[in-house]
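Worksheet: the structure to be examined is printed underneath.
There are 2 protein chains.
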Amino acid sequence: MEDKHDLFGKCPFITAQKIIAGKWAVVILHNLSLKTLRFGELQRLLPDLTQATLTKQLRSLEEYGLVNRHVFPQVPPKVEYSLTDIGKEFRIVLDSVSIWGEKYIEHAKLLEAAQK
Amino acid sequence: MEDKHDLFGKCPFITAQKIIAGKWAVVILHNLSLKTLRFGELQRLLPDLTQATLTKQLRSLEEYGLVNRHVFPQVPPKVEYSLTDIGKEFRIVLDSVSIWGEKYIEHAKLLEAAQK
DNA sequence: CTGCATCCTTTGAGATACTG
DNA sequence: CAGTATCTCAAAGGATGCAG
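Protein chains in written order, with this note's numbering: chain B, 1 to 116; chain G, 1001 to 1116.
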């Protein structure tokens, strides 16, 4: 993957695009914005992606500095994921996406109904 | 590509994710939010994507109902792209992405500086 | 000027099996 | 419990050439 730190001089849209490009990035950030979660908890909240995929997405977000990975040295292992400061600031994006998404779904429903 | 209208019952994050998944979707929407643009103008603003790719991205946004395509029956042809109503509402997302993106870039710069 | 058709390459999600 | 290692497959993006 491309160097995660080669993001300078880019417009904020391109920078953001790269970070949230992952198919599950936004949904993961949304869930972590509500609560610190263990790997397994996250997996249960998102039953549509496999372990391998979830791991990859989390690693990516971690490399970009949006997510903290806290490993508890135990047996069995326990790993908690939470948002970093800059990750928490992403909330303003999550909020607007949520608002717009709802509007869009409503809009699509109306269109659908009108076509019948 | 998946049916663009099978978006019901999904959470707004997943819906939004599908729409803006395209590598250039957000940047294109940003430019169109500032001004109605002809195909060639858009291309000059985004020199990093080819004609074919730009066409595909625009078609996708058009199918999702965010972009209007206005063809002027002329020779040579002239085509203008603008945002639909629901496309214009996407502005709240664009604004928050812009704000967060700037913060992130600033944050990354500070990190970089601290490591030297 | 706009953009389609074709081909090619790369990316990345998903499935599966295995490990400390 | 929380991963890692491979593999496969589909999709996206890009390059190029042609057309109305």
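Cβ coordinates follow ideal geometry from the N, Cα and C atoms, glycine included.
Would you give the residue range spanned by the alpha helix (DSSP H) that Leu78 of chain B belongs to?
-> With the sequence shown as reference, residue 78 of chain B is identified as Lys, and Leu is not the correct amino acid for it. Taken as a continuous stretch (DSSP letters only), Lys78 of chain B belongs to no alpha helix (DSSP H), being part of the beta strand (DSSP E) at Lys78 to Leu83.
Determine, using beta carbons only, whether Val71 of chain B comes closer than 7 angstroms to chain G.
-> Val71 of chain B is outside the set of residues whose beta carbon lies under 7 angstroms from a beta carbon in chain G.
Residues of chain G with CB under 9 angstroms from Pro47 of chain B, in chain order?
-> Within 9 angstroms Cβ-Cβ: nothing; Pro47 of chain B doesn't reach chain G, min ~13 angstroms.
Of all the options G:Thr1036, G:Leu1037 and G:Leu1046, which has the alpha carbon lying nearest to the alpha carbon of Trp1024 of chain G?
-> G:Leu1046
Starting from Glu1038 of chain G, follow its DSSP beta bridges and name the residues at the other end.
-> According to the sequence displayed, residue 1038 of chain G carries Arg and not Glu. BP columns for Arg1038 of chain G point to G:Glu1080.
Within 7 angstroms (strictly less), CB to CB, does Ala114 of chain B reach chain G?
-> Not an interface residue.
What separation, rounded to the nearest whole angstrom, lies between the Cα atoms of Gly101 of chain B and Gly1087 of chain G?
-> C-alpha separation (whole angstroms): 11 angstroms.
Return the first residue and the last residue of the alpha helix (DSSP H) that Phe1072 of chain G is part of.
-> Secondary structure note for Phe1072 of chain G: it is in no alpha helix (DSSP H), and the uninterrupted beta strand (DSSP E) holding it is Val1067 to Phe1072.
Spell out whether any CB of chain G is found under 7 angstroms from the CB atom of Ala52 of chain B.
-> no
Glu1002 of chain G - DSSP class collapsed to helix/strand/coil = Unreliable positioning characterises Glu1002 of chain G in this predicted model, as indicated by a pLDDT of 42, which lies under 50. The coordinate reading is nonetheless provided below. For Glu1002 of chain G, the secondary structure class from DSSP, reduced to helix, strand or coil, is coil.
Taking Cβ-Cβ distances shorter than 7 angstroms, what residues in chain B pair up with Gln1043 of chain G?
-> Ordered by position in chain B, no residue passes the 7 angstroms Cβ test against Gln1043 of chain G, which lies about 17 angstroms from the chain.
Output, in chain order, the set of chain B residues within a Cβ distance shorter than 8 angstroms of Phe1013 of chain G.
-> Val26, Val27, His30, Leu94, Val97, Ser98 and Gly101
Could you work out which residue in B:Lys18, B:Tyr104 and B:Gln17 is closest to Tyr1064 of chain G when comparing CA atoms only?
-> B:Tyr104
Hey, Val1093 of chain G and Val75 of chain B: beta-carbon distance below 7 angstroms or not?
-> Inclusion of Val1093 of chain G and Val75 of chain B in the CB contact set at 7 angstroms is not warranted, their separation being larger than that value.
Could you tell me whether the region 1022 to 1036 of chain G touches the region 1047 to 1067 of chain G, using the rule of 3 or more Cβ pairs below 8 angstroms?
-> yes
List the residues of chain G whose Cβ lies closer than 9 angstroms to the Cβ of Phe39 of chain B, in chain order.
-> Correct list: empty, because the minimum Cβ distance to chain G is about 20 angstroms.
Going by Cα to Cα distance, which pick from B:Ala108, B:Leu54, B:Leu83 and B:Val67 is closest to Leu1085 of chain G?
-> Leu is not the amino acid found at residue 1085 of chain G; the sequence shown has Asp there. Answer by Cα proximity: B:Ala108.
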